[in-house]
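Colleague: One structure follows; several queries about it will come next.
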Amino acid sequence: DAGVTQSPTHLIKTRGQQVTLRCSPKSGHDTVSWYQQALGQGPQFIFQYYEEEERQRGNFPDRFSGHQFPNYSSELNVNALLLGDSALYLCASSLRGRETQYFGPGTRLLVL
Amino acid sequence: DQQVKQNSPSLSVQEGRISILNCDYTNSMFDYFLWYKKYPAEGPTFLISISSIKDKNEDGRFTVFLNKSAKHLSLHIVPSQPGDSAVYFCAASAGNQFYFGTGTSLTVIP
Numbered sequence: 011d012a013g014v015t016q017s018p019t020h021l022i023k024t025r026g027q028q029v030t031l032r033c034s035p036k037s038g039h040d041t042v043s044w045y046q047q048a049l050g051q052g053p054q055f056i057f058q059y060y061e062e063e064e065r066q067r068g069n070f071p072d073r074f075s076g077h078q079f080p081n082y083s084s085e086l087n088v089n090a091l092l093l094g095d096s097a098l099y100l101c102a103s104s105l106r107g108r109e110t111q112y113f114g115p116g117t118r119l120l121v122l
Numbered sequence: 003d004q005q006v007k008q009n010s011p012s013l014s015v016q017e018g019r020i021s022i023l024n025c026d027y028t029n030s031m032f033d034y035f036l037w038y039k040k041y042p043a044e045g046p047t048f049l050i051s052i053s054s055i056k057d058k059n060e061d062g063r064f065t066v067f068l069n070k071s072a073k074h075l076s077l078h079i080v081p082s083q084p085g086d087s088a089v090y091f092c093a094a095s096a097g098n099q100f101y102f103g104t105g106t107s108l109t110v111i112p
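The structure is reproduced here in structure tokens:
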């Protein structure tokens, strides 16, 4: 039973660039949520996708956008990167969005 | 606006003793609570959950207690083992959005 997978594991970008992170949910799950975890903090909710639509969004600017594909996998896009976007980006999957979320290993993004 | 708070950044416990991790929340609309464990370089791993209609849920060595009137959640680990050393996050939800605390780093001393 494949768990949540994310790619890439690490990424280095410069300010102003754009980045795309990818996530494949746990087998049988149809909902994907994205979180940003800064150093020393808990995960902060970015948004959630279900049935290829953004269902809920946290307090993040429009530079953060996403997409969900028919196979339930998802992408997180961040435009015009800022130094403060440096963080661990976690993807979590669940069934119907209301149930327990299972996390992937994360993508570590460093913005220079 | 931190709606879920873990006020103890770290905790050290002797192997075999009880570990008690605490969590407070402010939003009375939260109706589902979870605990996650996180090792370095890995994503959080689900441990145990509890809905607001219960005040206790047990799974092996792990028990979660919910005190709704105090808006307080705790995780008890008995007996503690060195492999339990990790960062523990509590999370709460009202609907589809989950809110996490800042984590407590547990060290179990052999």
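One line per chain: the protein sequences are A and B, in this order. According to the working numbering, the first sequence is numbered sequentially starting from 11. According to the working numbering, the second sequence is numbered sequentially starting from 3. We put the CB at the ideal spot given by N, CA and C, even for glycine.
1) Could you name the residues of the region 28 to 55 of chain A whose beta carbon sits closer than 9 Å to any beta carbon of chain B, in the order they occur along the chain?
2) Any idea what DSSP makes of LEU23(B), helix, strand or coil?
3) Short check: CB of GLN16(A) to CB of GLY94(A), under 8 Å?
4) Helix, strand or coil: how does DSSP classify ASP61(B) here?
5) By the three-class DSSP mapping on this structure, what secondary structure does GLY97(B) have?
6) When you compare only the Cα positions, how much space is there between ASP2(B) and PHE35(B)?
7) Kindly confirm or deny that the region 15 to 25 of chain B and the region 63 to 81 of chain B touch, where touching means at least three C-beta pairs closer than 8 Å.
8) Which residues in the same chain as LYS70(B) place their Cβ atom closer than 7 Å to its Cβ, once the five residues preceding and following it in sequence are excluded?
9) Please check the pair GLN16(B) and ILE111(B), which I expect to be a contact at CB under 8 Å, by giving their CB distance rounded to whole angstroms.
10) So what's GLY76(A) in DSSP terms, helix, strand or just coil?
Modeller: Here's the rundown:
1) THR41, SER43, TYR45, GLN47, GLY50, GLN51, GLY52, PRO53, GLN54 and PHE55
2) strand
3) no
4) strand
5) coil
6) This structure cannot speak to residue 2(B), because chain B is shown only from 3 to 112.
7) yes
8) SER54
9) 5 Å
10) strand
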